[in-house]
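Novice: Quick note, the sequence shown lines up with residues 1 to 357 if you use full-length UniProt numbering. Handing you a structure now.
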Amino acid sequence: MRDADSSFSSAPVTWPPAWPFALAPPELDGEYRLTPEDFQVEEQFDFAPEGAGEHLWVWIEKRGINTAEVARLLAASAGVAARDVGFSGLKDRDAVTRQWFSLALPGRALPDGWDANLAERGVRCLEAIRHPRKLKRGVHRGNRFRLRIAGEAAQATQTRERWETLVASGVPNYFGPQRFGPDGRNLHRALSLLARGWRKRQDPQGLLLSSARSYLFNAVLAARVEDGSWGRPLPGDVLNLEGTASRFSVTAVDVETLARAASGDVHPTGPMWGAGELQSDLAVAERERSVADAHPVLSEGIVATGTRQNRRALRVMLQQATWTPAEAGSVWLEFTLPRGAFATAVLRELFCHPTLI
């Protein structure tokens, strides 16, 4: 394996580079997440706990603490092992978020006062219901966001116009800067680890591996954004059916397929890099391979882990989107995204902010 990626040898310390935008780059400054209450997230599921079973599901609201920390606190409070706590998605620390956790408690209840130490850390239990099974990762349908933006961008007509365009046409489905860590440190740690040979004990949660795969996906998406094809099918694409995990390949693109893409019914996909053959074909596959070839330590290192190829939609649609003017010239944005999509990918299309570049 090669020692370094040439593209990283002179990379800036901050991450990510300023990839092109779906529209002309926003010019106005804006603010968001001035307080945790300005960034609210609620998990959404296609099912509800059944009311009986060996696992107690608790609906948690947290503030100023991340999901993994809550899971550890729940395990200690309930007197169970960390492996007996389940959750579906990771939620931001600097936000007010609501999500389900599960606790394996066959034949017993939670002890009195179990939630006292949680309250001290900004965690509230809103509901508790029994269910037969542990909550597994990635089973929620999506997330509902309620975000307050402020500053000159919030008061500008052009920002509202950009918002309406994004609601109608979708947003490039970039992985947000959270995936790469402050100043891109997770990515640079991933580069170092993959150059040596990835070992699970050095990346037990797969965070660094995920960062590397996310970077390659973003690089493919950036190229498609630059030529305007991020929402338009090309021959050789693998298309994703909106709102489902269904995918199909197209070797030729007809009028019907273009119309379905224009309406947001299907989306081109990009590779989540890994072992195995690319599912795409023709010039689309050539472009994806060229991105991987430009970052050999990342791409070869990912393949060496045995992680299998997968696909992710290049475009994401905002569901049930609203724009509501608020106090002091600010605006509340509300929208639902499928799991794995980032609200910061939406905000970066609306205004300029140092954490959204």
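Idealized CB from N, CA, C, for every residue including glycine.
Do A275 and R232 count as a contact pair if the criterion is CB distance below 7 Å?
Specialist: No, they are not a contact pair.
Novice: Please go through the same chain and pick out, in chain order, the residues whose beta-carbon is closer than 6 Å to the beta-carbon of A190, but skip the five residues on each side of it.
Specialist: For A190, where only same-chain residues beyond five positions count, the Cβ hits under 6 Å are L208, S211, A212.
Novice: Return the residue from the list A321, P177, G228, G86 that minimises the CA-CA distance to L356.
Specialist: With distances taken between Cα atoms, L356 lies closest to P177.
Novice: If I measure Cβ to Cβ from L318 and keep anything under 8 Å in the same chain, skipping five residues before and after, which residues do I get?
Specialist: Cβ within range, chain order: L166, V167, G170, V171, F335, T336, L337, V346.
Novice: Do H55 and S102 come within 7 Å of each other at the CB atom, strictly closer than that value?
Specialist: Yes; because the gap between Cβ atoms is below 7 Å, this pair is in contact.
Novice: Tell whether a beta-carbon distance below 7 Å holds between T269 and A313.
Specialist: Yes, they are a contact pair.
Novice: Apart from the five residues just before and just after D84, which ones in its own chain have a Cβ nearer than 6 Å to its Cβ?
Specialist: Taken in chain order, the residues that qualify are A104.
Novice: Kindly indicate which three-state DSSP category C352 falls into: helix, strand or coil?
Specialist: Reduced to three states, the DSSP call for C352 is strand.
Novice: Should D183 go down as buried or exposed, given a rule of 16 or more other Cβ atoms within 10 Å for buried?
Specialist: D183 comes out exposed.
Novice: Could you tell me whether the region 140-155 touches the region 51-67, where touching means 3 or more Cβ pairs closer than 8 Å?
Specialist: As far as the Cβ criterion goes, the region 140-155 does not touch the region 51-67, which means the pair count is below three.
Novice: Buried or exposed: where does A292 fall if 16 or more other Cβ atoms within 10 Å of its Cβ makes it buried?
Specialist: A292 should be labelled buried.
Novice: Over what stretch of residues does the alpha helix (DSSP H) that includes P296 continue unbroken?
Specialist: Taken as a continuous stretch (DSSP letters only), the alpha helix (DSSP H) holding P296 covers 296-304.
Novice: Going by DSSP in three states, residue 363 sits in which element: helix, strand or coil?
Specialist: Outside the shown range of the chain, which is 1 to 357, sits residue 363, and nothing can be said about it.
Novice: When you compare the region 115-124 with the region 38-57, are there three or more beta-carbon pairs, one atom per stretch, that lie closer than 8 Å?
Specialist: As far as the Cβ criterion goes, the region 115-124 does not touch the region 38-57, which means the pair count is below three.
Novice: Would you tell me roughly how many angstroms separate the C-alpha atoms of W230 and V266, rounded to the nearest one?
Specialist: So the alpha carbons of these two residues sit roughly 12 Å apart.
Novice: Going residue by residue through the region 223-277, where are the continuous beta strand (DSSP E) segments of at least 3 residues, counting only ones entirely within it?
Specialist: Counting only runs of 3 or more, we get 238-241, 247-249, 266-272.
Novice: Inspect the beta-carbon positions of D281 and G236 and report whether they are closer than 7 Å.
Specialist: Yes, Cβ-Cβ distance for D281 and G236 is below 7 Å.
Novice: Counting along the chain, where does the alpha helix (DSSP H) carrying A81 start and finish?
Specialist: No alpha helix (DSSP H) holds A81; DSSP gives it neither H nor E.
Novice: Between which two residues does the beta strand (DSSP E) holding Q99 run?
Specialist: Segment 96-104, the beta strand (DSSP E) holding Q99.
Novice: In the DSSP assignment, find the beta strand (DSSP E) that holds A190 and state where it starts and stops.
Specialist: Taken as a continuous stretch (DSSP letters only), A190 belongs to no beta strand (DSSP E), being part of the alpha helix (DSSP H) at 185-196.
Novice: Just checking my contact of W114 with A78 at CB under 8 Å: how many whole Å lie between their CB atoms?
Specialist: With 8 Å as the limit, W114 and A78 qualify as a contact, their Cβ atoms being about 6 Å apart.
Novice: Per DSSP, which residues does E27 bridge with? Please list them.
Specialist: According to DSSP, E27 bridges with nothing at all.
Novice: Residues in the same chain with beta-carbon distance under 6 Å from P132, minus the five sequence neighbours each way, listed in chain order, please.
Specialist: Within the same chain, P132 has close Cβ partners G53.
Novice: Do you know whose CA, among R311, R287, E286, lies nearest M272's CA?
Specialist: M272 has its Cα closest to that of R311, out of R311, R287, E286.
Novice: According to the Cβ coordinates, are T159 and A150 closer than 7 Å?
Specialist: Not in contact: T159 and A150 (Cβ atoms no closer than 7 Å).
Novice: Could you check which residue in R93, A71, L216, L73 has the C-alpha nearest to that of T35?
Specialist: With distances taken between Cα atoms, T35 lies closest to R93.
Novice: So for E54, helix, strand or coil by DSSP?
Specialist: Three-state DSSP puts E54 in coil, outside helix and strand.
Novice: Indicate whether V96 and E37 have their beta-carbon atoms separated by less than 7 Å.
Specialist: Yes, they are a contact pair.
Novice: May I have the straight-line CA-CA distance separating G142 from E42, to the nearest angstrom?
Specialist: Cα-Cα distance, rounded: 9 Å.
Novice: On a CA-only basis, which of T324, A156, A341, G51 is nearest E127? Give me that one, please.
Specialist: E127 has its Cα closest to that of G51, out of T324, A156, A341, G51.
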